[in-house]
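**Q**
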Amino acid sequence: MENLLEILRQGQTASLPELAGRLQISEELLSAKLERYEQLGYVRRVRMDASGCNGNCKRCRGCSGMKTGEPLVCWEKGEKLG
8 MENLLEILRQ GQTASLPELA GRLQISEELL SAKLERYEQL GYVRRVRMDA SGCNGNCKRC
68 RGCSGMKTGE PLVCWEKGEK LG
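Laid out in structure tokens, this is it:
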């Protein structure tokens, strides 16, 4: 899981499917790990609203293909990763 923390430590924000694909693990396993890391303060859950998103913010790559108004849950580094 160090790869996960390193991805987020670099300041990247990513969705669950994107992270699971990059790490080549199931979304279910990754979701459980992310929730535990969130409890420990290593990661933070961020809800983004696609309404008004033009896809050019470079904060994440998850909004393409989203339905307007449908929230996107992404993950980013928490306080302990500073």
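Taken in order, the sequence shown gives residues 8 to 89; the numbers are from this note's numbering. All C-beta atoms, glycine included, are put in the ideal place defined by N, C-alpha and C.
In angstroms with no decimal places, state the Cα-to-Cα distance between Leu79 and Leu26.
**A** Those two C-alpha atoms are separated by around 14 Å.
**Q** For the alpha helix (DSSP H) containing Gly28, name the first residue and the last one.
**A** Taken as a continuous stretch (DSSP letters only), the alpha helix (DSSP H) holding Gly28 covers 23-30.
**Q** Going by DSSP in three states, Gly72 sits in which element: helix, strand or coil?
**A** Note that Gly72 has pLDDT 48, beneath the 50 cutoff, so the model's placement of it is unreliable and the number below is only indicative. Gly72: coil per DSSP, three-state reduction.
**Q** Alpha carbon to alpha carbon, how far is Leu47 from Lys40? Give it in angstroms, no decimals.
**A** Each residue's alpha carbon lies about 11 Å from the other.
**Q** What's the gap between the Cα of Gln19 and the Cα of Glu34?
**A** Each residue's alpha carbon lies about 18 Å from the other.
**Q** Once the 5 residues before and after Arg90 are set aside, which same chain residues still bring their CB inside 6 Å of it?
**A** Examination of residue 90 is not possible in this model, given that the chain is present from 8 through 89 alone.
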